[in-house]
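Here is the structure we will look at.
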Amino acid sequence: MLAAIGLIILGKQFHIMLGNRLDLDSSIDYLLAIPQTIIGVFKYEDIQLTHAAIAGVVALLIMIFYGKIRNKYFKFFPAPMWIVVISIATSYFYELVLKEDHPIANEYMIPEIPSGAEIVTSIPVPDFGLMGSWAFWASVLSLTLIASIESLLSIKAVDQLDPQKRRSNVNRDLKALGLATISSGFLGGLNVVTVIARSSVNVNNGGTNRSSNFAHAMFLVSFVWLFSSQLTRIPLPALMAILVYTGYKLASPTLIKKLFTIGKEQLIIFFVTLLTTLFIDLITGIIAGILITFIIHIILNRNVLLFIQNLLKPNVLMYKESKGNYYISVKHFCTFLNFYKLKQQLDLVPEDQDVVLDLSLCQFVDHTVLENLNGYQSVFHKRGGHFEIIGLDMHGAESDHPFALRKLIPGISFITANLTKRQNTLQEIAEEFDMTYAAEKTQDEDFLDSFKYFQFKKVERVYNRIFNNGKQFKIFDIHYSEGEFITKADVKTTMLNIKVNRILPEFTLDREGFLERVYGLAGFKDIPPIENHSDFSKRFYLLGEDTHGIQDFFNDDLVRFFESNPYYHIESDGHSLLVFRSDRTAGIKEIKALIDFGKRLHKIVQKAV
Amino acid sequence: MTSHPFKNIAIGVAFSPNLKANLHEAARLSLLFNAKLSLIHVGEESEEKRNRVEKCLLTFKNQSLDYSIDFKSGTPVDVILTHIDNKNIDLIILGALQQENILTYYLGSIARKITRAAACSILLLIKPSVERQVCQHIVVNGLKDDHTPETVQMAFFVANALQTQRLTIVEEIKESELSIKVDDDASLRKANLQREKIRRQEDARVDRILDQIPENYKSDISIEKQPIFGTRGYSIGHFAQISRADLLVMNAPGKMNFWDRLFPHDIEYILTELPTDVLIIR
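Protein chains in written order, with numbering that gives the first Met the number 0: chain A, 0 to 608; chain B, 0 to 281.
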């Protein structure tokens with residue numbers, strides 16, 4: 000469904016991005032007209048339209064390449080902000096330096112915000128004349144669905160980001176959203192849910208309660224009020240590029256590829272929903288998607304009775320075992336149709352508890368459920384609990400279940416045979432250093448949780464590991480993400496983790512100060528210069544809580560070691576060190592250097608007591 | 000606590016493939032409970048039928064089993080119900096299908112009709128066996144109900160007669176007893192405190208019931224208590240299934256009407272899904 004919305008957005012805005020305003024009937028027509036518009040760009044007779052198209056394309060390029068560039072100055076603003084800043088700057092450049100008119104046609108600029116009096120007079124009177132028509136209810140249902148789904152997804156994402164590990168009140172959020180939608184509708188407005196972008200910025204900057212939201216709203220109002228004239232300097236095509244990119248992200252080919260790896264039936268469901276939505280409308284698309292999913296489930300099981308007989312019966316049992324953990328058992332089947340029953344029980348368990356979910360009495364478990372359970376698993380994991388799914392092992396064996404049940408159960412590899420050249424070399428390095436190499440993804444990634452660096456980051460997977468016998472010294476590729484949803488940025492890099500047989504002070508050592516903010520949230524502060532080592536203090540930023548402990552720890556040997564060796568970012572969580580340098584996966588040579596650096600550092604740290 | 004609750008045991012005899020297994024179970028129980036076994040068959044009396052039954056019970060006759068066979072005609076449910084009244088039957092044993100299909104659910108199988116109407120205790124057998132299978136685990140309900148103490152006592156009696164080692168008392172607590180709705184982390188904390196409190200209260204109540212039970216009945220059995228928050232009647236059935244209970248002992252239900260059958264609740268869940276052998280105490 001989101002993919003369909005993505006395509007609708009992309010289809011409609013693509014033309015404006017290239018300076019071609021169209022008025023077509025259905026969403027599919029817009030998509031089909033895209034090639035025509037692209038050819039049309041080269042035939043514009045009006046130079047102003049060409050400029051508009053250039054602005055759109057440049058903005059789109061910024062959106063696409065923003066995620067790929069890891070530069071701290073560049074990252075100072077998010078990509079859409081860069082577009083706005085560059086647009087306004089260009090406009091001033093023309094006005095003040097070249098003393099020319101703006102090169103883009105006026106109709107492709109953001110129109111001026113009307114004055115207060117105008118706004119008041121143009122407030123429409125609510126008119127329920129179309130209430131009897133299908134179009135009315137289709138719009139109502141679509142708006143409700145989109146707004147709620149977006150809001151719910153955002154809550155889920157924000158709860159995962161929250162450093163205080165709270166759980167949001169979903170009902171209250173939906174009530175507020177409903178109220179806001181109704182009142183803005185009465186004033187002729189269309190509400191927009193921007194929670195995720197705002198919330199991830201809030202979280203990243205240390206906001207923890209609703210006052211941060213309020214501050215944002217006030218800022219927005221005052222911005223519109225004070226700087227609205229600047230907004231007219233932004234070309235529409237540049238803004239449309241943001242939407243086109245968002246639309247593309249919602250319906251990207253990687254998404255479809257991912258679906259295919261889950262199972263062929265997911266593709267059928269996906270395309271039925273997508274095409275129905277594009278050709279008819281959103282509501283019909285959703286209904287068609289639900290129906291086709293249900294029909295596929297029946298065909299897969301060759302059993303209608305399983306679903307019909309048991310749909311309304313309770314099927315979930317939860318109790319606290321005498322050992323103190325929660326035990327949940329599900330009977331009959333567990334699919335999107337009755338997942339809510341299981342969810343009700345799961346939501347009653349605090350996330351720092353241990354849960355065993357037994358699906359052995361379930362004849363059928365679908366992809367939706369497993370995906371959601373996976374989500375629960377990661378939340379429990381993050382908050383110190385444990386969430387284990389048992390009883391699915393025999394499902395694959397009992398019958399040749401076509402669902403990718405096994406694939407979604409963590410702990411089972413995602414790559415096995417067919418290693419890449421880099422992986423083969425890693426294997427050689429491992430042998431060379433007398434260590435073990437493992438290519439597949441590991442579940443054993445909790446050792447990262449104690450590092451402050453990961454407090455706002457989500458570890459997606461740890462793979463390509465090289466480790467020694469006791470796993471005290473391990474190098475691994477890691478894929479983690481910051482932010483969620485459309486602001487999500489993925490990072491893949493290589494790190495080294497060394498366990499030390501002594502207590503270390505918690506600290507972080509970095510050459511640049513830009514991480515200060517992240518660690519500041521965790522209570523880390525600047526450590527005053529270490530005696531006799533002013534050069535070291537000048538070159539490195541050392542942060543931590545326990546000033547004396549850290550100053551004692553950084554003795555002459557250690558300081559000299561850091562001064563004379565290549566620079567790495569180093570963090571200690573009290574009993575192990577995390578060492579890494581760049582924001583990308585390390586090459587073979589760099590890995591060798593990292594191993595060498597780590598070994599020598601290990602020796603010095605171990606020695607210095 | 001009565002030392003001899005079941006004096007007359009009856010079993011409905013149908014000449015099905017399960018006949019021998021059903022008869023063996025009934026005979027064994029009668030011997031264990033020191034009771035008289037009364038067999039009732041709905042249909043014409045014939046020498047051949049009588050011989051088949053006699054043949055099945057031969058081994059038990061040698062162990063001095065006291066039994067009688069009656070043949071009566073009429074509708075099965077009525078015949079069995081009048082038989083229960085006439086002969087002062089304390090326990091009726093019925094073979095049941097493990098899961099009723101959707102058709103018989105509304106028509107009502109004989110076993111279920113009797114379950115609803117009989118004035119005595121009922122044992123529903125889902126997996127009768129010719130050889131004796133040791134009953135290792137009994138699950139009994141610990142509902143907040145007037146009949147519960149009696150049911151628990153009976154469960155202990157049966158457990159001792161069958162030499163069961165493990166007995167679990169399941170206290171089902173309705174979700175509706177929780178006044179706090181879980182919305183966010185604050186209400187979750189409160190709700191869990193409340194649950195803990197209710198759990199303790201329930202445990203105390205069950206402990207009082209256990210205190211009434213003579214020590215010699217309890218000494219050889221490992222007793223567990225398991226509070227469960229969930230749909231009444233359903234949870235205990237599901238629990239019996241996953242804890243591999245061999246016998247589930249339940250209170251008899253109150254009066255039921257058509258709507259109760261349409262929208263199942265309490266014991267109806269167990270009757271439709273029969274997780275294991277079920278003993279309903281009345």
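Idealized CB from N, CA, C, for every residue including glycine.
Remember, it's a predicted structure, so these values are computed and weren't measured experimentally.
For residue i, the residue or residues it bridges with in DSSP
i, result
"S359 (chain A)", "Partner(s): none; S359 (chain A) has no beta bridge."
"R165 (chain B)", "B:H136, B:S221"
"D509 (chain A)", "A:Y540"
"T435 (chain A)", "A:F466"
"S613 (chain A)", "Outside the shown range of chain A (0 to 608) lies residue 613 (chain A), about which nothing can therefore be said."
"C333 (chain A)", "A:V364"
"V348 (chain A)", "Partner(s): none; V348 (chain A) has no beta bridge."
"Y326 (chain A)", "A:Y318, A:V355"
CB contact check: residue i to chain B, cutoff 8 Å
i, result
"P349 (chain A)", "yes"
"Y318 (chain A)", "yes"
"R197 (chain A)", "no"
"S167 (chain A)", "yes"
"N170 (chain A)", "yes"
"P313 (chain A)", "yes"
"K322 (chain A)", "no"
"L654 (chain A)", "Outside the displayed range of chain A (0 to 608) lies residue 654 (chain A), so it cannot be described from this structure."
"D525 (chain A)", "no"
"D353 (chain A)", "no"
"D346 (chain A)", "yes"
Rounded C-alpha distance that separates residue i from residue j
i, j, result
"A158 (chain B)", "S63 (chain B)", "23 Å"
"I298 (chain A)", "I285 (chain A)", "20 Å"
"V119 (chain A)", "F226 (chain A)", "20 Å"
"F379 (chain A)", "R166 (chain A)", "12 Å"
"V191 (chain A)", "L21 (chain A)", "24 Å"
"R243 (chain B)", "N250 (chain B)", "20 Å"
"I148 (chain A)", "A196 (chain A)", "15 Å"
"K42 (chain A)", "I15 (chain A)", "16 Å"
"I212 (chain B)", "S221 (chain B)", "14 Å"
Buried or exposed by the 16-neighbour rule on C-beta atoms within 10 Å, applied to residue i
i, result
"H3 (chain B)", "exposed"
"T150 (chain B)", "buried"
"F259 (chain A)", "exposed"
"E505 (chain A)", "buried"
"P162 (chain A)", "exposed"
"E195 (chain B)", "exposed"
"P127 (chain B)", "buried"
"I414 (chain A)", "Annotation note: pLDDT 37 at I414 (chain A) (below 50); position unreliable, no value reported."
"I8 (chain B)", "buried"
"S218 (chain B)", "exposed"
"Q12 (chain A)", "buried"
"L106 (chain B)", "Residue placement at L106 (chain B) is flagged as unreliable, the pLDDT there being 41, under the threshold of 50; a coordinate-derived value is accordingly withheld."
"S86 (chain A)", "buried"
"S328 (chain A)", "buried"
"F135 (chain A)", "exposed"
"G11 (chain B)", "buried"
"N337 (chain A)", "buried"
"A78 (chain A)", "buried"
Cutoff 8 Å: residue i Cβ touching any chain A Cβ
i, result
"V76 (chain B)", "no"
"D182 (chain B)", "yes"
"L28 (chain B)", "no"
"Q225 (chain B)", "yes"
"L187 (chain B)", "yes"
"N140 (chain B)", "no"
"L102 (chain B)", "Residue confidence is low: L102 (chain B) scores 43 on pLDDT, short of 50, so the model does not pin down where it sits. Its coordinate-derived value is still stated next. Closer than 8 Å: no."
Cutoff 8 Å: residue i Cβ touching any chain D Cβ
i, result
"D45 (chain A)", "In summary, chain D is missing from the structure at hand, where the protein chains are A and B."
Contacting positions in the segment 228 to 243 of chain B - beta carbon closer than 8 Å to chain A: Within the segment 228 to 243 of chain B, the qualifying residues are F228, G229, T230, Y233, S234, H237, F238, Q240, I241.
Return the residues of the segment 328 to 344 of chain A that lie within a Cβ-Cβ distance of less than 7 Å from chain B, sorted by chain order. Cβ contacts with chain B: S328, K330.
If you measure beta-carbon to beta-carbon, which residues of the segment 551 to 577 of chain A are closer than 9 Å to chain B? So nothing in the stretch comes that close.
Using a Cβ-Cβ cut-off of less than 7 Å, list which residues of the segment 191 to 208 of chain B approach chain A; keep chain order. Against chain A - using a Cβ distance shorter than 7 Å - the residues of the segment 191 to 208 of chain B are N191.
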